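All remarks here apply to the structure that follows.
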Amino acid sequence: MTRRLHIGGEEHKDGWELLSVQPGPYVDYLGDASQLLFQNNTFDVIYASHILEHVKAEPVAVLKEWARVLKPSGELQVSVPDMNYLCQLFLTTTNLQDRIKVMQIIYGGQVDEFDYHVIGYDEDMIRNVLVSAGFKHIHRTISFGLFDDCSDLKINGKPVSINLTAQKELKDRVIPLETAL
């Protein structure tokens with residue numbers, strides 16, 4: 086059976102298990118994205134859109150934790166705000182409301198205690214973090230086409246996100262569950 090984990094989402098979709106830091110009607114697991122309480126090699130796919138920039142833990146450690154629960158050759162689908170494009174937008178946008186929207190994407194909406202960004206990424210930075218965490222075969226995609234979320238958000242016709250797929254390395258370079266807890 087294929088198991089798919091959606092980290093931080095709010096939308097129900099058949100075939101996906103949902104982990105969130107906040108309770109909700111479709112949340113299967115309540116928990117922190119940096120400390121997944123699953124056995125090693127549990128999931129075939131992990132999807133996380135606009136989550137990694139919220140996590141206060143060290144990004145490489147978080148991605149190693151995600152890799153730990155992925156099966157060998159499992160796939161990570163990750164989306165983060167594209168700081169290069171967002172900074173360009175902020176500098177070139179003259180409309181105040183549009184600049185405020187860009188700032189909310191950069192810093193988080195700040196509507197609750199979890200909606201703050203602690204780090205920003207450009208493509209080189211997120212690729213480096215993925216490689217450092219042991220991921221390989223990293224590819225950029227325009228859209229995952231899975232959920233109605235920020236991974237598909239466009240401003241001025243251009244995506245505001247960096248969407249990457251990456252594969253877990255076959256060799257076991259991840260932390261044992263007992264050590265991770």
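Residue numbers (this note's numbering): 86 to 266. Beta carbons are placed, not taken as given, at the ideal position from N, Cα and C, and that holds for glycine. Values in this document were obtained by computation on a predicted structure and should not be read as measured data.
Quick one: using the 10 Å Cβ neighbour count with 16 as the cut-off for buried, is residue i buried or exposed?
i	result
Arg153	buried
Ile185	exposed
Asn241	exposed
Ile247	buried
Leu215	buried
Leu155	buried
Arg258	With a pLDDT of 49 at Arg258, under the threshold of 50, the predicted position of this residue should be treated as unreliable, though the coordinate-derived value follows. With fewer than 16 other Cβ atoms within 10 Å, it is exposed.
Leu148	buried
Val196	exposed
Could you compute how far the alpha carbon of residue i sits from the alpha carbon of residue j?
i	j	result
Gly219	Gly109	32 angstroms
Pro164	Thr177	Reading off the sequence, residue 164 comes out as Ser, not Pro. The straight-line gap from Cα to Cα measures roughly 24 angstroms.
Gly94	Leu104	7 angstroms
Asp200	Gln124	28 angstroms
Ser158	Gln173	36 angstroms
Asp183	Gly100	36 angstroms
Gln120	Thr179	41 angstroms
Ala146	Asn213	13 angstroms
Leu266	Ile92	Only weak support exists for where Leu266 lies, its pLDDT of 44 falling under 50; the value from the coordinates is given anyway. The alpha-carbon atoms of Leu266 and Ile92 are separated by roughly 18 angstroms.
Gln189	Met86	39 angstroms
Gly116	Val245	27 angstroms
Tell me where the beta strand (DSSP E) around residue i begins and ends.
i	result
Lys221	Phe220 to Arg225
Tyr132	Phe128 to Ser134
Asn248	Ser246 to Lys253
Ser217	Here Ser217 belongs to no beta strand (DSSP E); instead the alpha helix (DSSP H) covers Glu208 to Ser217.
Leu171	Not the beta strand (DSSP E): Leu171 falls in the alpha helix (DSSP H), residues Met168 to Thr177.
Leu148	No beta strand (DSSP E) contains Leu148, which is instead part of the alpha helix (DSSP H) from Pro144 to Val154.
If I'm right that residue i touches residue j with Cβ under 8 angstroms, what's the distance once you round it to whole angstroms?
i	j	result
Tyr132	Lys243	No, Tyr132 and Lys243 are not in contact; Cβ-Cβ is about 22 angstroms, not under 8 angstroms.
Phe232	Lys98	7 angstroms
Thr127	Arg89	With 8 angstroms as the limit, Thr127 and Arg89 do not qualify as a contact, their Cβ atoms being about 11 angstroms apart.
Leu250	Leu161	According to the sequence shown, residue 250 is Thr rather than Leu. So it is a contact: roughly 7 angstroms between Cβ atoms.
Glu96	Asp113	Contact doesn't hold; Cβ gap of about 13 angstroms is too wide.
Val130	Ala118	About 15 angstroms; that fails the 8 angstroms criterion.
In terms of alpha-carbon separation, which member of the options lies closest to residue i?
i	options	result
Gly205	Met86, Phe128 and His135	His135
Gln252	Trp151, Tyr111, Val112 and Leu121	Trp151
Ile191	Val112, Val145 and Phe175	Phe175
Ser217	Gly116, Leu137 and Pro144	Pro144
Glu49	Val106, Asp167, Ala118 and Gly116	No answer is possible for residue 49: it lies beyond the span of the chain, which begins at 86 and ends at 266.
Val203	Val140, Ile92, Asp197 and Val106	Val140
Lys221	Gln107, Leu181 and Glu254	Glu254
Gly193	His224, Ile211, Leu181 and Cys235	Cys235
Leu137	Ile211, Val245 and Lys239	Ile211
Val187	Lys239, Ala142 and His224	Lys239
I want to see whether chain D comes within less than 8 angstroms of residue i, judged by CB atoms only; does it?
i	result
Phe199	Judged by its chain identifiers, the structure shown contains no chain D, having just a single protein chain.
In the DSSP assignment, the alpha helix (DSSP H) including residue i goes from what residue to what residue?
i	result
Gln189	Leu181 to Tyr192
Arg88	From DSSP, Arg88 is part of no alpha helix (DSSP H); its letter is neither H nor E.
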